[in-house]
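S.K.:
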Amino acid sequence: MVLSLLFVFLSAILSAFLDALTVTAVLISVAVGFYGVYHKIHSSSADYDNSGTPDRKQLSGETLEQFRAFLRSLVMHGVVGTALGGVCTIVGEPQNLLIGERMGWDFIEFFQMMAPITMPVLVCGLITTVILELTGVFGYGTKLPEVARTIIENYTDEEDKNRTAHQKYNLIVQAVSAVLLIIGLALHLAPVGFIGLALIIVQTAFMGIVEEHSLGKAFEEALPFTGLLVVFFVIVAMIHDQHLFKPIIEWALALDPSQQPSMFYIANGVLSMISDNVFVATVYIGEVKEAFDNGVITRDQFEKLAIAINTGTNLPSVATPNGQAAFLFLLTSALAPLINLSYGKMVKMAFPYTIVLGVVGLICVKMVL
7 MVLSLLFVFL
17 SAILSAFLDA
27 LTVTAVLISV
37 AVGFYGVYHK
47 IHSSSADYDN
57 SGTPDRKQLS
67 GETLEQFRAF
77 LRSLVMHGVV
87 GTALGGVCTI
97 VGEPQNLLIG
107 ERMGWDFIEF
117 FQMMAPITMP
127 VLVCGLITTV
137 ILELTGVFGY
147 GTKLPEVART
157 IIENYTDEED
167 KNRTAHQKYN
177 LIVQAVSAVL
187 LIIGLALHLA
197 PVGFIGLALI
207 IVQTAFMGIV
217 EEHSLGKAFE
227 EALPFTGLLV
237 VFFVIVAMIH
247 DQHLFKPIIE
257 WALALDPSQQ
267 PSMFYIANGV
277 LSMISDNVFV
287 ATVYIGEVKE
297 AFDNGVITRD
307 QFEKLAIAIN
317 TGTNLPSVAT
327 PNGQAAFLFL
337 LTSALAPLIN
347 LSYGKMVKMA
357 FPYTIVLGVV
367 GLICVKMVL
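Take 7 as the starting number for the sequence shown in our numbering and just add one per residue.
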């Protein structure tokens with residue numbers, strides 16, 4: 007339970023200062039590395055727990071399935087954490103930056119505007135984590151098998167003892183690069199792509215990687231995700247070109263001003279579940295800005311609708327991998343097949359969080375806005 011809470015909370019904090027996709031990429035790397043250790047022991051004839059039985063026999067069958075369920079649970083807690091933190095700040099999600107720019111809000115102002123909704127949602131999200139781990143429903147609550155823990159701990163101790171000076175040096179380079187990544191993203195020293203490119207150059211230069219083929223695998227994992235995004239944006243462009251959202255926006259703007267924020271929250275939430283939350287927010291904030299420029303709504307109402315659009319696209323969109331780029335990235339990653347994480351399983355595991363985040367968010371929007 008402590009580990010699950012730690013994953014949710016740390017993912018939320020990191021996503022608030024970095025970016026949800028970056029944090030998800032780190033989560034995937036950690037989980038793949040952990041699974042890799044398990045697989046390496048499972049494929050060998052070693053006996054790291056000195057039980058007299060080869061480790062591969064102890065780590066097969068039910069133990070393997072339990073280990074996969076344990077990792078699945080942790081990773082899903084983590085990606086939900088990226089949504090909880092991503093909604094809070096101007097850098098957490100791409101649409102936050104767009105909304106912040108349209109409204110003229112800086113980092114602190116954006117956080118303060120969103121806090122009356124995002125802070126109660128964060129607390130309720132953490133309480134949901136505790137309940138899910140206690141009850142073990144929706145695929146959560148699986149513990150790390152004790153035999154697997156002992157074997158992996160002994161294996162890690164042995165690996166640490168046998169690590170060469172060169173391997174230690176490589177780890178130091180990677181640790182320094184991780185710190186540089188956090189500083190670069192948190193202070194927004196350059197566009198994200200340039201920061202990534204700079205770190206590739208730093209790591210390859212200091213680790214002596216001089217062949218392109220050595221780098222290939224790092225890019226391969228992101229290709230299915232990139233391919234999906236390209237197809238998705240073509241569909242999204244068609245929706246935008248046909249003005250399919252316009253009738254919904256016009257209907258919502260025709261309502262009583264006191265009802266508008268909650269209706270915008272619901273409309274954005276539903277559309278973000280089936281579409282992409284960045285696109286939905288882009289269209290909605292554009293239309294609302296136009297209404298403000300034309301004198302249809304006041305500045306105060308404009309701010310309320312901007313908060314409703316931001317929270318509406320970020321919170322209920324955890325329902326499906328379509329809505330959140332971080333979820334889609336996880337689904338198309340190399341990790342998903344290793345831990346048996348399918349689209350249906352993701353929807354099922356995200357369901358309790360969708361209900362809590364969506365409902366608490368809506369209650370806060372109604373009460374505060």
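The C-beta atom is built at its ideal place from N, Cα and C for all residues, glycine as well.
#1: Looking at C-beta atoms only, is the number of pairs between the segment 341-349 and the segment 69-78 that lie closer than 8 Å three or more?
#2: Measure from the alpha carbon of G92 to the alpha carbon of each residue in F308, A26, Q330, P322, then state which is nearest.
#3: Measure the alpha-carbon distance for P322 versus N283 and round it to whole angstroms.
#4: Roughly how many whole angstroms lie between the Cα atoms of V240 and F285?
#5: Take Q180 as the anchor and find which of L205, V97, G106, F298 has the nearest alpha-carbon.
#6: Short of 6 Å in beta carbon distance, which residues of its chain neighbour L150, apart from the five on each side in sequence? Order them along the chain.
#7: So which of T59, I158, A332 has the shortest CA-CA distance to T232?
#8: How would you label Q248, buried or exposed, when you count the other beta carbons within 10 angstroms and need 16 or more for buried?
#9: So I105 and I291 are in contact, right, with Cβ under 8 Å, and what is the actual spacing, rounded?
#10: If we count Cβ pairs, one from each stretch, closer than 8 Å, do we get three or more for the segment 109-126 versus the segment 310-329?
#11: In whole angstroms, what separates the C-alpha of V182 from that of N176?
#12: Does the segment 217-231 come into contact with the segment 266-285, if we say contact requires no fewer than three beta-carbon pairs (one atom in each stretch) closer than 8 Å?
#13: Taking only runs that begin and end inside the segment 190-249, name each unbroken alpha helix (DSSP H) of 4 or more residues, in chain order.
#14: Let me check you understand the geometry: is the CB of L195 closer than 8 Å to at least one non-hydrogen atom of the ligand HEM?
#15: Which term fits L261, buried or exposed, when burial requires 16 or more other beta carbons within 10 angstroms of its beta carbon?
#16: At the level of alpha carbons, what is the spacing between V208 and G98?
#17: Indicate the three-state DSSP secondary structure (helix, strand or coil) for E99 in the structure shown.
#18: Quick one: which unbroken alpha helix (DSSP H) runs of 4-plus residues sit fully inside the segment 135-198? Chain order, please.
#19: So which of V353, G87, G110 has the shortest CA-CA distance to I96?
#20: Between N320 and the rest of its own chain, which residues show a CB-CB distance below 7 Å, the 5 nearest in sequence each way excluded?
#21: Do F15 and Y44 have their C-beta atoms closer together than 9 Å?
#22: In chain order, what residues of the same chain lie with their CB nearer than 7 Å to the CB of V29, ignoring the 5 residues before and after it?
#23: Quick one: is V371 buried, meaning 16 or more other Cβ sit within 10 Å of its Cβ, or exposed?
#24: How about E152 and Y54: do their beta carbons lie closer than 9 Å?
#25: Under DSSP, the alpha helix (DSSP H) around Q266 begins and ends at which residues?
#26: So, with DSSP's three-state summary, where would you put W257?
#27: If I measure Cβ to Cβ from H246 and keep anything under 8 Å in the same chain, skipping five residues before and after, which residues do I get?
#28: Taking the alpha-carbon positions, what's the L337 to I34 distance?
#29: Under three-state DSSP, which class holds Q330?
M.R.: Taking the structure as given:
#1: yes
#2: A26
#3: 10 Å
#4: 12 Å
#5: L205
#6: F76
#7: A332
#8: exposed
#9: 5 Å
#10: yes
#11: 10 Å
#12: no
#13: 198-213, 218-226, 229-247
#14: Here there are no bound small molecules, and the ligand HEM is not part of this structure.
#15: exposed
#16: 25 Å
#17: coil
#18: 152-168, 171-192
#19: G110
#20: A89, G92, V93, E99, N283
#21: no
#22: S17, L20, S21, T88
#23: buried
#24: no
#25: 266-280
#26: helix
#27: F285, V289
#28: 10 Å
#29: coil
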